[in-house]
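In our numbering, the protein residues as written are 27 to 462.
Beta carbons are placed, not taken as given, at the ideal position from N, Cα and C, and that holds for glycine.
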Amino acid sequence: MNKGFSSVYVVICLSALVFLLLCICELCEGYAAGSIAENVCLSAGGSVLSEYQPDLQRRYGVFALSSYEQKLASLNSFYIRHCLNGTNNLVRPKLTECSVSTEGMEGLKTDVLADQIDALGVMLTAKDGLELTGAADLLRSLLDPVNSREDREASQELADLPPSEESGGKSAAELKKEYDEAMDPDLGLEGGRSLVSVKKDELPTALLGVRPSSSLLGYAASALVQDGLSPSALLQARYTVEVCSDLIHTRTDTILGLETEYVLFGKSSDRENEEEMKTALFKVRTAIDLARNLRDEAKMSAYAVAAAACPAVPQPLAVLILAAIDAARQAKGEVAVLCGGGCVEIIRGFTIGSRRFGTYRDYAVLLLMLLPEQTRIARLMDIMQINAAYMDGASFAFRDYCYGFTLSAQFEKRSILPQISGDSRRGCVVQIHAYH
């Protein structure tokens, strides 16, 4: 009796032990299946990301992927099954369903593309040596004279003067004419290329509602600088001048010759953008030179002598007008120097390393920093799209692309070992795969 009871007891203990071992094995298999599924999805997602648009990456260092979700799901399914078939593990998960979503990473999401551009801009600014604090100081030096009230008030007072009956010297009308001519110089515009062959309604700026810029200079820009610039502004501006053609560094393998100027102003032709750029440079240099003239005692004495020849105009006003006319003439020559590839310092003596700061591209970087980020990135996308689609002969539009995807894959656990619950255990893997 005791012997029979002992045998039954041993059998029960052994059965319990076997059951415990099977539970442990199944638990381990579950972890193994989950780990295999995670790694397989990670490998598959990376393989799909390698299907990026090659021309965009080669020319601009930017990664984008065709955003057709059905195609992306098929590619992920193919890579997952290929990885699973190549293993001889005891546990072999079986893919039962695969889906992909590109929500939040669509090609027209300027903030997502901005992250890629910021990463590229970090390397360029580190190489160049310009820091955000230095750029902000330069912008203040550039904008404060532009927004000074002296020149505008002088122009208004001159316009409000009554007709003079003086017979000798210059009349107010003559001085005003001289002033107006100085402030509206011929800056020597050329022809250039245009977007006449491009479907403008398909460009990112049109789809995002970004309009051409009327003016980058003004109190709004000054307030932006005073409130603090985003580090991204400098990174994106530096990247733009590096990858885009401009008036000084013109490329032949682009639709537009003046791409940097297009990013700044958004006009559809090189001529229009050149006019906007030269006008902006002229205003900036005129304001800076006027501020310097008013601080130069020798020049102020010369202006006072010249003002005596304008009895119809109060002397303080005449001195200010003559200083502005002189500044405008100086600025015209300085714009010619800049557009000829020369250097005109914003702050005298300011250097980055051994390089003087004040080239055409340096001014372009500072002006680009004044643009809203969406405007800056959207116009960059225009440039990338038209060059990839029209110059490289590839079918490309940002609206049909994405910067990554969310992969959702369901698996069924399969094993060659005996199972307590059969092959009915299932699991789901959700991963985000994106370019960084």
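With contact counted as at least three CB pairs below 8 Å, one residue from each stretch, are the stretch 130 to 147 and the stretch 258 to 267 in contact?
With a cut-off of 8 Å, the stretch 258 to 267 and the stretch 130 to 147 count as touching, because enough Cβ pairs lie within range.
Keeping to the same chain, check which residues put their C-beta closer than 6 Å to that of A415; ignore five residues upstream and five downstream.
What you label residue 415 is simply residue 389 of the sequence shown in a count that begins at 1. Excluding sequence neighbours, A415 sits near F422.
Rounding to the nearest angstrom, what Cα-Cα distance links A353 and L91 in this structure?
For the purposes of this step, residue 353 is taken as the residue at position 327 of the sequence shown. For the purposes of this step, residue 91 is taken as the residue at position 65 of the sequence shown. Here the alpha carbons of L91 and A353 stand approximately 52 Å from one another.
Environment of E298 [buried if 16+ CB atoms lie within 10 Å]
Within the sequence shown, residue 298 is the residue found at index 272, counting from 1. Buried is the call here.
Between the C-alpha atoms of D322 and G359, what's the straight-line distance to the nearest angstrom?
Against the sequence shown, residue 322 aligns to sequence position 296. Against the sequence shown, residue 359 aligns to sequence position 333. Looking at the backbone, the Cα of D322 and that of G359 are separated by about 19 Å.
Would you mind stating whether G283 and G218 have Cβ atoms separated by less than 8 Å?
Here residue 283 refers to the residue found at position 257 when the sequence shown is read from its first residue. Here residue 218 refers to the residue found at position 192 when the sequence shown is read from its first residue. The Cβ atoms of G283 and G218 sit closer than 8 Å to each other.
Any idea if H108 is buried or exposed, counting beta-carbon neighbours within 10 angstroms, 16 or more meaning buried?
One-based indexing of the sequence shown puts residue 108 at position 82. Around the C-beta of H108, fewer than 16 other C-beta atoms lie within 10 Å, and the residue is accordingly described as exposed.
Could you tell me whether any non-hydrogen atom of the ligand NAP is closer than 7 Å to the CB of V391?
Of ligands this structure carries none, so the ligand NAP is not represented either.
When DSSP labels each residue in this structure, what does V37 get in the three-state scheme?
The residue you call residue 37 lines up with position 11 of the sequence shown. V37 falls in the helix class under three-state DSSP.
In whole angstroms, what separates the C-alpha of L98 from that of Q436?
Within the sequence shown, residue 98 is the residue found at index 72, counting from 1. Within the sequence shown, residue 436 is the residue found at index 410, counting from 1. Answer to the nearest angstrom: the Cα atoms are 16 Å apart.
CB of L134 within 8 Å of CB of L234, strictly
Counting from 1 along the sequence shown, the entry for residue 134 is found at position 108. Counting from 1 along the sequence shown, the entry for residue 234 is found at position 208. Result yes, Cβ atoms of L134 and L234 sit closer than 8 Å.
Please say whether C369 and L201 have beta carbons closer to each other than 8 Å?
What you label residue 201 is simply residue 175 of the sequence shown in a count that begins at 1. What you label residue 369 is simply residue 343 of the sequence shown in a count that begins at 1. Between L201 and C369, the C-beta spacing is not below 8 Å.
Can you give the Cα-Cα distance for Y456 and I314, rounded to whole angstroms?
Position 430 of the sequence shown, counted from the first residue, corresponds to residue 456. Position 288 of the sequence shown, counted from the first residue, corresponds to residue 314. The residue asked about is misnamed: residue 456 is Val in this sequence, not Tyr. A direct Cα-to-Cα measurement between V456 and I314 gives close to 57 Å.
Specify the secondary structure class of Y461 as computed by DSSP and reduced to three states.
The residue labelled residue 461 in the question sits at position 435 within the sequence shown. Per DSSP, reduced to three states, the secondary structure at Y461 is coil, with no helix or strand assignment.
Just list the residues that DSSP pairs K120 with in beta bridges.
Numbered from 1 along the sequence shown, position 94 holds the residue referred to as residue 120. According to DSSP, which records beta bridges pairwise, K120 is partnered with E438.
Leaving out five residues before and five after T231 in sequence, what residues of the same chain have Cβ atoms less than 7 Å from its Cβ?
Position 205 of the sequence shown, counted from the start, is the residue given in the question as residue 231. If we look at T231 and ignore the five residues flanking it on each side, its Cβ neighbours are G292, A404, R405 and D408.
Are the stretch 100 to 107 and the stretch 64 to 82 touching, with three or more C-beta to C-beta distances below 8 Å?
Contact between the stretch 100 to 107 and the stretch 64 to 82 is established, with three or more Cβ pairs separated by less than 8 Å.
Between M303 and I372, what straight-line distance do the alpha-carbon atoms span, to the nearest angstrom?
The residue given as residue 303 occupies position 277 in the sequence shown. The residue given as residue 372 occupies position 346 in the sequence shown. Cα to Cα, M303 sits roughly 16 Å from I372.
Taking all protein chains shown into account, do 16 or more other C-beta atoms lie within 10 angstroms of the C-beta of P398, making it buried, or fewer, making it exposed?
On the sequence shown, position 372 is the one that residue 398 refers to. P398 should be labelled exposed.
Assign S193 to buried or exposed, taking buried as 16 or more other Cβ atoms, counted over all protein chains shown, within 10 Å of its Cβ.
As a first step, residue 193 must be located in the sequence shown, where it is residue number 167. Because S193 carries a pLDDT of 41, less than 50, the predicted location of this residue cannot be relied on, and no value is offered for it.
Whether I412 touches I274 by CB criterion (8 Å):
Along the sequence shown, read from residue 1 onward, the residue named residue 412 stands at position 386. Along the sequence shown, read from residue 1 onward, the residue named residue 274 stands at position 248. In this structure, I274 does not lie closer than 8 Å to I412 by Cβ.
Short check: CB of L242 to CB of A161, under 8 Å?
As a first step, residue 242 is located in the sequence shown; it is residue number 216 there, counting from the start. As a first step, residue 161 is located in the sequence shown; it is residue number 135 there, counting from the start. Not a contact, by the Cβ cut-off of 8 Å.
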